[in-house]
């Protein structure tokens, strides 16, 4: 079982590398959808495990929510927002792709060394799952920095959220249900607001390039 | 039994103040009724508080403990503890409040229908309550809350006439300075807590190492000196006091800046204990600078209330000189001298409350009937407002330390303690003491000149404008308020032992020994000599002597000069029949010689603007003088410029408005924190 989760965490990490290497805005959303599916898979297997071992059903509900929200609803919403904000220029990253990917590799190594000193999460060997999922958080943040268009920031935010969620799952094997619900509602609100913002920014500046927001400074 | 009575009276006074605040809010729309009822309630409350604090001091050195509010949350408790030190400050506060409240009944009448009198009275009573809590709080958190409330409420009162742009500016400078000071106090309190794990003001400071005590002392020094308005932290004082309504300036100048003196005695002397001689030396130096520069700037002012505000700086300087000598003496374990200096400082604090409060009330009376604060527009008021003139003359004599008013006695005690501080074997300190004596003498002379100017220009001579020509005497309640203070000044000046006995009890309960044996008093007419030095003095006898000398002189003139015929003419008219007001000495002219002598201090500049075709036939001549404050020019302006420059650089350099750079800050911070976690 442990090997299975290790593999999944590596796959999730790998999906964020793919995200970083994406060139087209449309494929950001696709990659995010894939990452969310992997997340749902991980949570789903945990749910089955907890049903068998403890008879708890709440993790299953969380898994369903992930599928509904992160795999279906939010990517569709983003696709719509993207379709409305019509712009043609596709290249929107500030460094070139190979350098970005190399920096991501550096982040994973950095995480590995940082987490190796924390007591409590490593029993004897380094806990690879936690290292991978925290790397996902950092990569999500770095993704937000590396993209110029507002859609990139939204996806980066969602990836950070995914990373935090999977870190929590791997280190606690299922949080209290109420906490999960809180996280979902937070995220949903944030995404809806961001979607509206993208629309507004586009209306105001004829572009969703967030560098133009500099003009708002007083 | 007596303590129980004092406790009940204190509680009743607090309730009355709260009741007054509530009444002010309930009757918010009926200005006249609201004002009279609420001020009557404040007068009753302060009378109760006067009785309570006198009973407390006489009854001995015990403490009154009242727990207003206890909560399970740590530190959020309101404990009141009144010892003799609190009681003497409460006494000064409530004496002043009693007079000011009576005065306000008349003074506020010019706000009827124009301003919100209900809100004003609400702020006024809560301001007084906050000061009471500052003086009586038993733990640091409560003290800090009361202190903040006091600053905040006084800010609202300063900007009460907020339509003038000058007042808004004054308010902003006041709030900035007061928060800077409070920040330093907070650091001091936090340091205390980190060593002792206790917020008890009356606790022991034994757990604090000496090094930390020095830092705490510096923090308290800056914090309290800012509130006291000592130079170089005084910039807010001459701005804020003139901006506030006069009854509030009387409270602010009379008692609010004394909360800092209370803080010095309570936290530095009683709590920390005196560690090093340099503490006292530092306070002494600040006192000397404040006394000399404060009065020097006061002399240059033509706005009555600004003049009085600078005079407050001078008097705070005198109090700090007394306090400095006290600290030096305690550091050298010269208990007797320390106690005498403490008595001098507390006595001057008490006296300054009375006469400076009175002076601000007088300035308010002038403003009430002439609608101006500018001395150049006044003159001849003694004919239209004779009673106010008499009271202001009394206060002016008291502040100039002239027999037989109260200011003289406390300054004399300060001199005595400075002289007693000159002992053989400590050259540096002796030079400092001698300098302090000289500075005190200089400040005294300048203060006298300053109040000759205030009284002479405003009350004597001919009216300089229609404002003063049409002035009327103020309402009776205002006269009562000022008259009570004037009577107190005179009575304490004549029989200083009445108050000295109270203050001696305070010092006895703080320091454990009494200096009253050193001050011999005989049946009401005060006479005291000191074992420390050979000086002895009796104001009452001096008064009799002065009266005798004047009588003798008159008699001598009558005997030598023989019979003479009395002729009445206009003074100084040199044969001209029609004197007019433009022939008189102006306020500017009065202070000009001093301005030229102390050029280095005032940096005066003058400019004459002549308009017209020919220089020999001008249409008008304008004469403009200006002087600049060296402290603002060389300390505050450069600091402000630096801060502005730095802020502008930050706006362009760090806070760029680019979301990417903000995200990068977050990213780098996260990485650095992880790195720190790995290394640490």
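Protein chains in written order, with the working numbering: chain V, 2 to 219; chain R, 24 to 703. We treat Cβ as the ideally placed atom computed from N, Cα and C, and that holds for glycine.
Assignment of beta-bridge partners to residue 649 of chain R by DSSP yields R:628. Under the three-state reduction of DSSP, residue 174 of chain R is assigned to helix.
Under the Cβ criterion of 8 Å, residue 94 of chain V is not counted among the residues facing chain R. Unbroken alpha helix (DSSP H) runs of no fewer than 4 residues, entirely contained in the region 237-314 of chain R, are found at 260-266, 269-274, 281-286, following chain order. Just measuring C-alpha positions, the residue of R:205, R:33, R:463 sitting nearest residue 89 of chain R is R:33.
Assigned with DSSP and collapsed to three states, residue 57 of chain V falls in coil, not helix or strand. Restricting attention to V:68, V:43, V:51, V:84, the CA atom closest to the CA of residue 168 of chain V is found in V:43. Residues of chain V with a Cβ closer than 7 Å to the Cβ of residue 687 of chain R are, in chain order, 146. Taking C-alpha positions only, residue 387 of chain R is separated from residue 272 of chain R by approximately 9 Å. Contact annotation: residue 370 of chain R and residue 267 of chain R have beta-carbon atoms that are not nearer than 8 Å.
If you look at residue 92 of chain R, you'll find it in the beta strand (DSSP E) that goes 87-92. For a Cβ distance threshold of 7 Å, residue set 142, 143, 146 of chain V lies close to residue 690 of chain R, ordered along the chain. Across the region 664-683 of chain R, CB contacts with chain V closer than 9 Å involve 674, 678, 679, 680, 681, 682, 683, in sequence order along the chain. For residue 101 of chain R, the uninterrupted beta strand (DSSP E) run begins and ends at 101-105, by DSSP. Just measuring C-alpha positions, the residue of R:523, R:115, R:196 sitting nearest residue 363 of chain R is R:523. The DSSP-derived three-state label of residue 636 of chain R is coil. Taking a Cβ-Cβ threshold of 9 Å, none of the residues of chain V is close to residue 695 of chain R; the smallest such distance is about 11 Å. Not a single CB atom of chain R sits nearer than 8 Å to the CB of residue 120 of chain V. By a beta-carbon distance limit of 8 Å, residue 102 of chain R contacts residue 165 of chain R. Their separation comes to about 7 Å.
Of the candidates V:107, V:59, V:46, V:34, the residue whose Cα lies closest to the Cα of residue 178 of chain V is V:59. Between residue 172 of chain R and residue 250 of chain R, the alpha-carbon positions lie close to 14 Å from each other. Ranked by Cα distance from residue 298 of chain R, the options R:252, R:246, R:231 are led by R:231.
The C-beta of residue 114 of chain R comes no closer than 8 Å to any C-beta of chain V. In this structure, residue 144 of chain R places its C-beta atom within 8 Å of the C-beta atom of residue 47 of chain R. Identification of residues in the region 183-209 of chain V having a C-beta nearer than 9 Å to some C-beta of chain R yields an empty set. Per DSSP, reduced to three states, the secondary structure at residue 338 of chain R is helical. Residue pairing by DSSP places residue 603 of chain R opposite no residue, since no beta bridge is assigned to it. Using a CB distance cut-off of 8 Å, residue 115 of chain V counts as an interface residue toward chain R. At a cut-off of 8 Å between beta carbons, residue 211 of chain V contacts chain R.
In the structure shown, residue 160 of chain R adopts extended strand secondary structure according to DSSP, grouped into three states. Looking at V:102, V:61, V:138, the one whose alpha-carbon comes closest to that of residue 18 of chain V is V:102. The criterion of a C-beta distance shorter than 8 Å is satisfied by residue 116 of chain R and residue 154 of chain R. Taking C-beta atoms as the reference points, residue 398 of chain R and residue 625 of chain R fail to come closer than 8 Å. Assigned with DSSP and collapsed to three states, residue 489 of chain R falls in helix. Burial check for residue 84 of chain V: the Cβ neighbour count within 10 Å stays below 16, so the residue is exposed. Residue 190 of chain R carries a helical assignment under DSSP once its states are collapsed to helix, strand and coil.
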